[in-house]
Amino acid sequence: MDSNIEDPGACAGQRSDRRRRTGMRPGSLGRRFAAGDRGSITSELAVFVVPFLILMAMFIVFCGRAASVSIDAHAVAAAAARAAADAPTAGAARTAASRAASAMASGSKFTCTATTDTGQFRRGGSVTVRAACVLPIADLGIPSLGGTKTAHATATEPIDIYRAGT
């Protein structure tokens, strides 16, 4: 069949080109799939790609949890500093900050501790709280990954000038 002869099924002005209809390049033999091969997964995909995707998903979960504990550490420090600034004495400020940190971390998978600096605890002064939140990593399910991730945060609150007491 001459390639210049028009195919009766082709549109006007188009040449018949068998290669274009089959989707094969010139000179390539192409691979023809048997009826049972259609939709089957290759062994390379099953052995290499699927475990890689699972590890990537676990890494994304780890990064999300690390960011979450960092955000929560800042929230704990801010809440503890607010509670300490409202306390009437330096001793009560330390207790209030510790209770606020425990209350913020209750019900979560991490534990937080608050260290309160009351060196400037007076009218017009400030109180600084340093929070450290520890998140266990072993519960992610990655066999050789263990330990903890610790996030640190600091918050400072001014003490009201016109408050009663101190």
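When you number the sequence shown by full-length UniProt numbering, it's gap-free, plus one each residue, and the end is 166.
Even glycine gets a Cβ: it sits at the ideal position worked out from N, Cα and C.
Please read these numbers as outputs of a predicted model, since none were measured by experiment.
Item, Value
"Shortest alpha-carbon distance to SER126 belongs to which of ALA90, MET104, ALA114?", "ALA90"
"Going by alpha carbons, who is nearest to ALA87 out of THR118, THR113, LEU140?", "THR118"
"Round the Cβ separation of residue 172 and GLY124 to the nearest angstrom and send it over; I've been treating them as touching at under 8 Å.", "Coverage of the chain is limited to positions 1 through 166, which leaves residue 172 absent and any answer about it impossible."
"Measuring only the C-alpha atoms, how far is ALA132 from SER43?", "47 Å"
"Distance check for CYS63 and ALA92, CA to CA, integer angstroms please.", "37 Å"
"Report, in whole angstroms, the separation of the C-beta atoms of ALA151 and VAL69, which I expect to be a contact under 8 Å.", "5 Å"
"Closer than 8 Å by C-beta to ILE99: which residues in its own chain qualify, once you throw out the five before and the five after it? Chain order, please.", "First, the residue type needs correcting, since residue 99 is Arg and not Ile in the sequence shown. If we look at ARG99 and ignore the five residues flanking it on each side, its Cβ neighbours are ALA83."
"ALA46 to VAL61, Cα distance in whole Å?", "22 Å"
"Roughly how many angstroms lie between the CA atoms of HIS74 and PRO51, to the nearest whole one?", "35 Å"
"For the candidate residues ALA97, THR111, ILE159, PHE48, whose alpha-carbon lies nearest to that of ALA77?", "ALA97"
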